[in-house]
Amino acid sequence: MVAAHNLKHALFCAVITLVISWPIMGLKLEAVGTQITLQGADPFTWIAIGVAALAVFLFQLFREAILGRLGMLKSLNPMADRKPMPQEKRLKLESIGLTLLIVLALIWPFFVSRGSVDLATLVLIYIMLALGLNVVVGLAGLLDLGYVAFYAVGAYTFALLSQYWGISFWMALPIGALLAALFGLVLGFPVLRLRGDYLAIVTLGFGEIIRILLNNWTNVTGGPNGIGGIPDPTLFGMEFGRRVKEEGNVSFHETFGIAYSGEHKVIFLYLIALVLAVFTGLVIRRLMRMPVGRAWEALREDEIAARSLGLSRTGVKLSAFTIGAFFAGFAGTVFASKQGFISPESFVFLESAIILAIVVLGGMGSQMGVILAAIAVTILPELAREFSEYRMLIFGAAMVLMMVWRPQGLLPMRRRQIKLSTGE
Amino acid sequence: MQDLLYFGQQLINGLTIGSTYALIAIGYTMVYGIIGMINFAHGEIYMIGAYTALITITGLATLGVTWLPVILLIALICAMIVSSSMGWAVERVAYRPVRGRHRLIPLISAIGMSIFLQNYVHLAQGSRNIGFPALIEGGFQFGSSGNFQMSISWIQIVIFVTTFVCMTALSLYISRSRIGRACRAVSQDLGMANLLGIDTNRIISATFVIGAALAAVAGLLLGMYYGSVDPLFGFIAGLKAFTAAVLGGIGSIPGAMLGGLILGIAESMTSGYLSGEYKDVVSFGLLILILLFKPTGLLGKPEVEKI
Amino acid sequence: MIKNFSKLALAAGVSAAIALPASALAEIRIGIAGPQTGPVAQYGDMQFSGARMAIERINAEGGVNGEMLEAVEVDDVCDPKQAVTVANRLVNEGVSFVVGHLCSSSTQPASDIYEDEGILMITPASTSPEITARGYELVFRTIGLDSMQGPVAANHLISLEPKRVAVIHDKQQYGEGIATSVRDTLEEADVNVVMFEGITAGDKDFSSLVTKLKQADVDYVYYGGYHPELGLILRQARQADLDATFMGPEGVGNKDINTIAGDAAEGLLVTLPPSFDEKEVNQALVKAFEEKGEDPSGPFVLTSYTAVQLIAEGIEQAGSTDPFEVAEALREGSFETPIGMVSYDEKGDMESFEFVVYEWHADGSKTAVN
Chain B
3 MVAAHNLKHA LFCAVITLVI SWPIMGLKLE AVGTQITLQG ADPFTWIAIG VAALAVFLFQ
63 LFREAILGRL GMLKSLNPMA DRKPMPQEKR LKLESIGLTL LIVLALIWPF FVSRGSVDLA
123 TLVLIYIMLA LGLNVVVGLA GLLDLGYVAF YAVGAYTFAL LSQYWGISFW MALPIGALLA
183 ALFGLVLGFP VLRLRGDYLA IVTLGFGEII RILLNNWTNV TGGPNGIGGI PDPTLFGMEF
243 GRRVKEEGNV SFHETFGIAY SGEHKVIFLY LIALVLAVFT GLVIRRLMRM PVGRAWEALR
303 EDEIAARSLG LSRTGVKLSA FTIGAFFAGF AGTVFASKQG FISPESFVFL ESAIILAIVV
363 LGGMGSQMGV ILAAIAVTIL PELAREFSEY RMLIFGAAMV LMMVWRPQGL LPMRRRQIKL
423 STGE
Chain U
12 MQDLLYFGQQ LINGLTIGST YALIAIGYTM VYGIIGMINF AHGEIYMIGA YTALITITGL
72 ATLGVTWLPV ILLIALICAM IVSSSMGWAV ERVAYRPVRG RHRLIPLISA IGMSIFLQNY
132 VHLAQGSRNI GFPALIEGGF QFGSSGNFQM SISWIQIVIF VTTFVCMTAL SLYISRSRIG
192 RACRAVSQDL GMANLLGIDT NRIISATFVI GAALAAVAGL LLGMYYGSVD PLFGFIAGLK
252 AFTAAVLGGI GSIPGAMLGG LILGIAESMT SGYLSGEYKD VVSFGLLILI LLFKPTGLLG
312 KPEVEKI
Chain C
47 MIKNFSKLAL AAGVSAAIAL PASALAEIRI GIAGPQTGPV AQYGDMQFSG ARMAIERINA
107 EGGVNGEMLE AVEVDDVCDP KQAVTVANRL VNEGVSFVVG HLCSSSTQPA SDIYEDEGIL
167 MITPASTSPE ITARGYELVF RTIGLDSMQG PVAANHLISL EPKRVAVIHD KQQYGEGIAT
227 SVRDTLEEAD VNVVMFEGIT AGDKDFSSLV TKLKQADVDY VYYGGYHPEL GLILRQARQA
287 DLDATFMGPE GVGNKDINTI AGDAAEGLLV TLPPSFDEKE VNQALVKAFE EKGEDPSGPF
347 VLTSYTAVQL IAEGIEQAGS TDPFEVAEAL REGSFETPIG MVSYDEKGDM ESFEFVVYEW
407 HADGSKTAVN
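Below, the structure written as structure tokens:
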């Protein structure tokens, strides 16, 4: 009887698989001249659809058996029943590991090519963004789908300040970050009393509104033309360009009497991004252990319980939101400086989705996980160009699979795991 | 007089868009009413419905079918079957396993699904805008002043009528039928409904299927009305429809209708009297204002925080 | 310890993996940068097929000063962020000449890097005036500017003696740039421009806009932007019985507009570069494309071909592969190319680039209008 029911269900699932894949994948709409025609897909696609349906059928038919086997596999995993290391030893090892990593990151750029360093700068920018969003989503449990708005505020602040008042990178960095934080505060104040999913939509709306306004306010922001000619950072008034662009500055290579090389600039920018990313990581690490960090997590886990213990809901949420926005502003300033040119198309919803994917894949709340995920997400499409077509498809699928199988992420946050294993 | 006609014409435009927003909004509102989650991928299901309809119409044209009612009927049925299957599959794969977990988890899963489906169609069908044949053409004019005539096209009338019929039928179905009663029971208390012998999994699946079928209807109608499809247009339409659902009070079917119409009119008036580039600012602004000052929407019931 | 070791190993592996090797310079390497994937990949294909063909033909004739050309292709997805990444990668590869990029918003940040690193860049497709307006030495293009195309369109409109004109654009760099230039030229000639307004790119519903155009009682509408939106506007205008003639830039002159607008595309006016592939002198080249199964009629195929050819001729004239000397040679000389005689002004723009007004037909064909 069970088997019959299983068979029916499995058949049904296989048919559904065919129905949802056959018309969309198997029949392609093509414009031939001015007419739309249907073209059948190549045999490979047909085979793939058939195999998919068959796989679904077999899986559903032997569902119990397969899941049972999988469960057994888990117990074979040597890592599964490994006892967590003692707290102190682990912390010590972790700090040694992190220090080594940072030292490596410091000396590495001098031995590799310019393109790699530039890519690494981009990775660091994403690390900053993801660490910032991690505070909001991972720690405080507020789903922010418009995070890119604060990133845009940071980038545009620097671009506009330098264009209209000639303010340098170092002055603009704190201003950009503070302004982004202020935006976070002002936007957050009214919306943070909303429930989780409403909050997600409202932040998405805010992100879009900011982008549309940047695009429409042509007189100030240049609208879709963006802002170009954003200066590179200077080192104590020394410029890294071939020629000095600003009065009163000297150029780096002339001061030290070395030949001009474009790599100096790229490496310098990389080092700045590295320092800022480390700073971001350390500050957030501290905050996590401070009362405010505990309050974030408490509120995430159980809002009502946290409130009855006297935590101010708005205050705690607002602090997380503002701090997240602050670091997005940081990242935005570095991004503007690296690009030299920004336009609203760099700040679309897709960017928010990518940053969110990084946080989710890395493990919400876990810093190490987020850093590794940022590296993976940025570098994989560069390594395999064919992969870049499928990048967003894979991200989407990965987000779903992570939520289903491993919502705590690839490298889950430690504290939570310990708490669970001591029996809650 | 001309100003009045102009206003009337913009009102008709707004009501047309609003009707289709309402059809899509049903999917959001029913799912939210029953399991309390935002089905982010619903906009993509609408988009897939539109693509399937176009594929069917093109296929029928190749086969030489020319009788319009047959084409429309077959396209509608195919679109509804594919969309409903998609809705069912999405619920099975992405939402059922995470049901009952922390609120963020189903939401992130839904966003992932939305990104996945967008790119699935993008990879399978390409990113081009593809023209959708205007099967129902013509219309009639009434009232003219100077050079301006107010007109309404047949397709607009079809959209109004279809939306109205679908809404009425759905309301009756929910209030009279067995499944409808079960739906209401599940939305009030899922656990209790389960205890009373209602197969809640089935009911939840049914909600997704019904919502997706209506989205497919909207996909076919809007494809014919506007004239093209691309893999990205579901996302924005979904957001707008969600706004409509929230505006009218999420969980309420008449609310979705009301919210859709208000949003459609607001958009067309913004384009008509202000500028088209601020249309999205106005609709998102409206959403934010409603959520801030009346989070339960116009026709929604206040939600009590349960401890 | 094992865990930390594996972390280190991972980091080392990643850094090793992205340390791209800089290979030896045996030939003249030319970077081709444009979108191979993403939403505008179809335009990128035109660019790559034109540039590849030029390299093949030049090599078949013995290369440049005895040296062969070698293409280094990179994909920027038309994303400004990726453009900077691939520009740096080209620097790595030791490339001295680049044909690219396609989208203006990618060309602009990438050209900063090329100029800094002494790489000569010729864009076959970016039309934003900003790109050559920054006093760069090594930036050239083989295509006309938005500010050249706008006046051509506007002057044609003026010759039609319009009563009321609306100018619409899609709020993007390309569309808004051309639309602004059209409006300015029209207003200088005292044409009554009753509307200047943006729409949202990617939108589908233009019924409100069409109603507004009807109310404004316009007889001509200029649209700055691409074909998907204009196709829908045309179709929805036809549905609402709006009786006006539409005009657009080369971004709308694409057969895809017919699949969207259907019969409503009949009579649309489009400014396009002259069809280089129909010229007598280019027939041998056109045949070569057709033998490869490629279509030479796209707007960027022959401009890319020309870009490669100009690099080669510049090197020959300068007698050196130093980009600064080649740039000098390009500024001084004038060259016979598939897109006509090319000579450059100080900024790196072509001294003349012709645009022709075409009338578009419902079957996707076009006829030149005098």
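Chains as they are written, first to last, in this note's numbering: chain B, 3 to 426; chain U, 12 to 318; chain C, 47 to 416. A virtual CB, placed ideally from N, CA and C, is assigned to each residue, including glycine.
- At a cut of 8 Å, does the segment 87-102 of chain U reach the segment 107-120 of chain B through at least three beta carbon pairs? Judged by Cβ distances under 8 Å, the segment 87-102 of chain U makes no contact with the segment 107-120 of chain B, as fewer than three pairs qualify.
- Task: Could you give the DSSP three-state label for Pro67/C: helix, strand or coil?
- Result: In this prediction, Pro67/C scores a pLDDT of 40, lower than 50, which makes its location untrustworthy; no coordinate-derived value is stated.
- Query: For Asp42/C, does the count of other Cβ atoms within 10 angstroms reach 16, so buried, or fall short, so exposed?
  - Reply: As displayed, chain C neither begins before 47 nor continues past 416, which places residue 42/C out of reach and without an answer.
- Query: So the alpha helix (DSSP H) Asp291/U belongs to, where does it begin and stop?
  - Reply: 290-304
- Are there 16 or more other CB atoms within 10 angstroms of the CB of Ser69/C, so buried, or fewer, so exposed? Annotation note: pLDDT 40 at Ser69/C (below 50); position unreliable, coordinate value reported separately. Under this definition Ser69/C is an exposed residue.
- Counting only beta-carbon atoms, is Ile28/U nearer than 7 Å to chain C? Answer yes: the Cβ-Cβ gap between Ile28/U and chain C drops below 7 Å somewhere.
- Just how far apart, CA to CA, sit Leu93/B and Asn136/B? 21 Å
- Item | For Leu115/C, the three-state DSSP class (helix, strand or coil) | strand
- C-alpha distance - Val298/C paired with Gly270/C, whole-angstrom precision: In this structure, the straight-line span from the alpha carbon of Val298/C to that of Gly270/C is close to 9 Å.
- How close, in whole Å, do the beta carbons of Gln21/U and Thr257/C come, if the pair is a contact with beta carbons under 8 Å? 6 Å
- Task: Take Ala375/C as the anchor and find which of Glu382/C, Gln363/C, Val228/C has the nearest alpha-carbon.
- Result: Gln363/C
- Among Ile214/U, Pro306/U, Val101/U, which one has its Cα closest to the Cα of Pro117/U? Val101/U
- Item | Gly134/B - containing alpha helix (DSSP H), residue span | 116-135
- Give the straight-line distance between the Cα atoms of Gly249/U and Ala226/U, rounded to the nearest whole angstrom. 10 Å
- Query: What's the gap between the Cα of Val402/C and the Cα of Val327/C?
  - Reply: Taking the straight line from one Cα to the other gives about 19 Å.
- Task: Name, going along the chain, the residues of the segment 25-47 of chain B whose beta-carbon falls closer than 8 Å to a beta-carbon of chain C.
- Result: Ala33, Gly35, Thr36, Gln37, Ile38
- Message: Could you compute how far the alpha carbon of Val42/U sits from the alpha carbon of Trp407/B?
- Response: 23 Å
- Query: By how many angstroms is the C-alpha of Leu133/B removed from the C-alpha of Ile286/B?
  - Reply: Cα to Cα, Ile286/B sits roughly 8 Å from Leu133/B.
- Message: Under 9 Å, CB to CB, which of the residues in the segment 389-409 of chain B have a partner in chain U?
- Response: Cβ contacts with chain U come from Glu391, Tyr392, Arg393, Met394, Leu395, Ile396, Phe397, Gly398, Ala399, Ala400, Met401, Val402, Leu403, Met404, Met405, Val406, Trp407, Pro409.
- Query: Which whole runs of the beta strand (DSSP E) in the segment 209-247 of chain C are 3 residues long or more, in chain order?
  - Reply: 211-215, 239-244
- Item | Chain-ordered chain C contacts of Phe254/B [CB-CB under 9 Å] | Contacts between Phe254/B and chain C, judged by CB atoms closer than 9 Å, are missing: the closest CB pair is about 13 Å apart.
- Item | Those residues which DSSP pairs with Lys412/C across a bridge | Trp406/C
- Closest Cβ-Cβ distance between Phe51/U and chain C: below 7 Å? no
- Message: Is Gly230/B close to the ligand ATP? I mean its beta-carbon at under 6 Å from any heavy atom of the ligand.
- Response: This structure does not include the ligand ATP; it has no bound ligands of any sort.
- Message: Could you tell me the alpha carbon to alpha carbon distance between Val139/B and Val362/B, rounded to whole angstroms?
- Response: The alpha-carbon separation between Val139/B and Val362/B amounts to approximately 9 Å.
- Query: Do Asn227/B and Gln219/C have their C-beta atoms within less than 7 Å of each other?
  - Reply: Yes, they are a contact pair.
- Under 7 Å (Cβ pairs) to chain U, residues found in the segment 194-226 of chain C: Lys217
- Let me know the alpha helix (DSSP H) ranges lying completely inside the segment 26-72 of chain B, each 4 residues or longer, listed in chain order. 45-63
- Query: Checking contacts by CB at 7 Å: is Thr131/C closer than that to chain U?
  - Reply: no
- Should Glu400/C go down as buried or exposed, given a rule of 16 or more other Cβ atoms within 10 Å for buried? exposed
- Message: Quick check on Gly98/U - is its C-beta less than 7 Å from some C-beta in chain C?
- Response: no
- Message: Tell me which residues share the same chain as Glu316/U and place their Cβ nearer than 8 Å to its Cβ, disregarding the 5 neighbours each side in the sequence.
- Response: With a pLDDT of 49 at Glu316/U, under the threshold of 50, the predicted position of this residue should be treated as unreliable, and no value is reported.
- Taking 7 Å as the CB-CB limit, is Tyr17/U close to chain C? Chain C has a Cβ within less than 7 Å of the Cβ of Tyr17/U.
- Gln160/U bridges to which residues according to DSSP? Ser155/U
- Residues that Asp241/U contacts on chain B, provided the C-beta gap is smaller than 8 Å: The contacting residues do not exist; Asp241/U stays about 11 Å from chain B at best.
- Task: Using only alpha-carbon positions, find the residue among Ala106/C, Asp121/C, Val120/C that is nearest to Met114/C.
- Result: Ala106/C
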